[in-house]
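Notes to accompany the following structure.
In the working numbering, the protein residues as written are 9 to 204.
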């Protein structure tokens with residue numbers, strides 16, 4: 009997909025389209041080829057005899073993997089994850105801070121940033137326009153628990169997944185829970201006890 013096509017399809021990302029294309033290209037170039045041919049004949053026979061696959065299903069799955077379906081799935085996941093981050097420029101505009109203030113907040117654990125293709129990116133789940141600070145309540149405490157445990161994409165999946173112990177008019181995601189004034193300690197306990 010070209011930058012122009014990306015901007016047309018995802019107009020909100022217009023300022024980031026070149027970065028997103030470059031980051032995705034970096035990931036694709038770094039990918040190792042994948043093949044199901046690395047399994048031994050005994051391993052394949054076991055998969056078929058165990059009922060995990062029929063002979064036809066194995067042949068179809070193996071052909072799909074050999075055509076690049078695993079790489080395509082990884083690329084799609086990476087692209088979707090990139091769309092759930094913001095650039096430094098967007099964050100400084102949204103928060104009304106300069107770049108030094110944003111970097112200081114990242115260093116102090118008040119903002120969550122990850123480096124992707126040599127640039128800081130900010131997962132979108134931490135921002136909340138209805139908050140006086142434009143940030144999700146309890147972020148500092150959440151970051152101190154998440155950072156040593158999880159990759160940023162795992163953290164993003166966790167905060168977007170309804171949790172059985174966060175209930176108020178139905179199960180809530182950690183982000184919904186915090187936006188609605190829920191206790192941050194309940195979220196951090198989930199992270200510490202579950203290592204999701």
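Virtual Cβ for every residue (Gly too), placed ideally from N, Cα, C.
According to DSSP, residue pairing for residue 135 in a beta bridge involves 143.
Rounded to the nearest angstrom, the Cβ distance from residue 117 to residue 151 is 5 angstroms, consistent with a contact under 8 angstroms. Taking all protein chains in view, the Cβ of residue 54 is surrounded by fewer than 16 other Cβ atoms within 10 Å, so the residue is classified as exposed. The residues 106, 107, 110, in chain order, have a CB closer than 7 angstroms to that of residue 100 in the same chain once the five nearest residues on each side in sequence are set aside. Distance from the CA atom of residue 186 to the CA atom of residue 192, rounded to whole angstroms, is 7 angstroms. Rounded to the nearest angstrom, the gap between the Cα atoms of residue 113 and residue 48 is 51 angstroms. For residue 70, the enclosing alpha helix (DSSP H) covers residues 63–74. By the neighbour-count criterion, in which 16 or more other beta carbons inside 10 Å mark a residue as buried, residue 24 falls on the buried side. Residue 53 sits in a helix when the DSSP states are folded into three classes. The alpha-carbon separation between residue 76 and residue 70 amounts to approximately 10 angstroms. Under the three-state reduction of DSSP, residue 77 is assigned to helix.
A distance below 7 angstroms between beta-carbons, with the five flanking residues on each side excluded, links residue 136 to the following residues of its chain, in chain order: 142, 143, 144, 187. In this structure, residue 90 lies away from residue 168, with their beta-carbon atoms at least 7 angstroms apart.
Shown here for residue 128: same chain residues with a beta carbon closer than 6 angstroms to its own, the five before and five after excluded, namely 96, 121 in chain order.
Its chain contains 192, 196 as the residues whose beta carbon lies nearer than 7 angstroms to that of residue 149, once the 5 sequence neighbours on both sides are disregarded; these appear in chain order. Approximately 6 angstroms separates the beta-carbon atoms of residue 147 and residue 134; this is inside 8 angstroms, confirming the contact. Judged by DSSP secondary structure, residue 125 falls outside any alpha helix (DSSP H); it is assigned neither H nor E. The alpha-carbon of residue 57 is positioned some 36 angstroms away from that of residue 166. Relative to residue 73, the option among 46, 93, 98 whose CA is nearest is 46.
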